[in-house]
Amino acid sequence: MQKEETFYNLTAEAACKSLDSTSKGLSSSQAERRLHEYGLNELQGHKGVSPFKIFIEQFTSPLVWILIGAFIVSLVLQEHIDAIVIAIIIIVNAALGFFQEYRAEKSIEALKRMTSPKAKVLRNGKEMKIESKYVVPGDILILETGDKIPADARLLEEHTFQTAEGPLTGESVPVSKSINVLQGKTALGDRKNMVFASTVVTKGRATAIVTHTAMKTEIGKIAKLISEQKQEMTPLQKKLRTLGKYMTIAVILIAVVVFFAGLIGGETASVMLLTAIALAVAAIPEGLPAVITISLAIGVQRMVKKNSLVRKLPSVETLGSVTIICSDKTGTLTHNEMTVTSMWMNGKSVGVSGSGYAPNGMFTVDGKKVKGDEFGPLLRIGTLCND
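Position 14 (the sequence shown) corresponds to -4 in my numbering; numbering is contiguous.
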C-alpha cells in the first residue's frame, strides 16, 4: 500500500527521504521493483467490457424474455415455423445490439491508445520519456508548460509554475505553485506545493517527486466514488420494463379467460390449454424488440456522423430527450486550454491547427499547408511574452 503521509507538511528533502528517493531519481531496478509493488499507474474501472458480457446484456430486456418464452412454447407445441421466425428475430436483435456496442467499445479503446500520455522522468540520473502508466512513487517528474501531470507529486523546484486544477476543484483560474512547506491540515485546493494527476501545467517549469499513483491519487479517489455508484436505467429501459411486465400480465389474463371460457362452452381441458397457449404466443409482438434496436442503431449512426460515440444503445433515446443541459463549462465542455487558432501576418491569414497544448499541428494559408520557418520571429515573441 502507498503511504498516506501529508507530504505538503514535509520539506522537499524530507519528502525524498520518506519515499526512499533522491533528486536524481530512481534507478531502473528500483523503478521495476516499485512497479511490481504498486502496480501500473492506471485508474481502475476503465477497462473495456468483454465481448461475452456485451452479448449477454442483449438478453436482459423483459421483451426479449417474452420472446424466448414464446420460442420455447412454440417448440413444445411443435409450431416449428413460428419457433424459427421467433428465433431469427431474437438472433437479429441480439446481433444488432452486440455489434453496435462492441464497435463503440473498440473505437473508444483505439482512441485511448492514440492518446496514451507520456511523462518525463529522471531515471539513473538521466532524463527520459516513458508512458505515464509506468510512473511509480519516488519518480522525479520534469514538468513543463502543456504537460498533463501523470500522478500526485510534491514539488522540489519550480519557476513561475502554474497548473489548471479544474478536473479536481472545478476552478478555472490557474493555480500558482510554490515549494514552501505548509502547516497543519490543508484543503486540497490550498496545497500549493503539490501537483495532482489529470491536471495540466499552464505556465512555467518544475520538478516534483511522485507521492501517489493510480487509485491512491486524488483523482483516483474520485474515480472510486463514481465506480461505486449504482448504475441507473435509462427512461427507455424503464418504460420497456414496464411495458414488458404489463404485456406479460395481459397475455396471461387473456389466456386464462379463453381457457375457462372454452371449458364452460364444453371443450376439453387439453384442447383449451393448447388454444390458450397458442393465443398467448400469437399476442406477443415479436418484431417490437427488433424495431426498437434498429431505431436506436440508426440514432447511433447519426451520432457517429456528428463525431460522437455511444456505448449503450438506450443512451441515444435519453440524449434525444434532453432539452437543457446544466453544466460547468471549464473542464467539462472545454479543456481550459487557450490556444492560437489563426494569425495575421504580412497581409495573410494563417490557420493554426492542433488540439490543446499538445505539440502537434500545422500552419495553413488558403487551406494549403505551409512551412513555419517564416513565422519563427513571431512565434518566438509570443513564446517569450507568455512564459
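Glycine residues also receive a C-beta, built at the ideal position from the N, C-alpha and C atoms.
Buried/exposed call for residue i, threshold 16 Cβ in 10 Å
i: Ile36; result: buried
i: Asn175; result: buried
i: Met(-17); result: Residue confidence for Met(-17) is low, a pLDDT of 42 falling below 50, so the modelled location carries little weight; the figure read from the coordinates is stated next. When all chains shown are included, Met(-17) counts as exposed.
i: Lys167; result: exposed
i: Thr97; result: Low per-residue confidence applies at Thr97: pLDDT is 49, beneath 50, and the placement is therefore not dependable enough to give any value.
i: Asp355; result: exposed
i: Gln60; result: exposed
i: Tyr(-10); result: buried
i: Pro119; result: buried
i: Ile71; result: buried
i: Ser180; result: buried
i: Ile131; result: buried
i: Gln219; result: buried
i: Asp2; result: exposed
Candidates the options, of which the one nearest residue i by Cα
i: Leu150; options: Tyr116, Gly171, Pro132, Ile48; result: Gly171
i: Lys311; options: Gly152, Phe41, Tyr116; result: Gly152
i: Met254; options: His141, Leu295, Phe241; result: Phe241
i: Ala262; options: Asp64, Thr4, Thr(-7), Lys6; result: Asp64
i: Ser10; options: Val286, Asn106, Asp121; result: Asn106
i: Gly281; options: Pro296, Leu207, Leu137, Ala272; result: Pro296
Segment limits, alpha helix (DSSP H) that includes residue i
i: Arg284; result: 270 to 287
i: Gly7; result: First-last for Gly7: undefined, no H or E at that position.
i: Phe34; result: 33 to 39
i: Met254; result: 251 to 265
i: Val55; result: 44 to 58
i: Glu(-5); result: -6 to 0
i: Gly370; result: No statement about residue 370 is possible, as the shown extent of the chain runs from -17 to 369 and does not include it.
Residues bridged to residue i (per DSSP)
i: Leu164; result: According to DSSP, Leu164 bridges with nothing at all.
i: Lys393; result: With the chain represented from -17 up to 369, any question about residue 393 goes unanswered, as that position is not in the structure.
i: Ile307; result: BP columns for Ile307 are empty, so no partner.
i: Ser158; result: Gln144
i: Gly402; result: Nothing about residue 402 can be reported from this structure: the residues present for the chain run from -17 to 369 only.
i: Arg293; result: Arg293 is not bridged to any residue.
i: Val177; result: Ala135
Boundaries (first-last residue) of the beta strand (DSSP E) holding residue i
i: Lys185; result: 182 to 194
Where are the alpha helix (DSSP H) runs, 4 residues long or more, that stay fully inside the region 198 to 234, in chain order? 200 to 209
Please give me, in chain order, every unbroken run of the beta strand (DSSP E) with length at least 3 that falls completely inside the region 82 to 155. 100 to 105, 108 to 113, 122 to 126, 134 to 146
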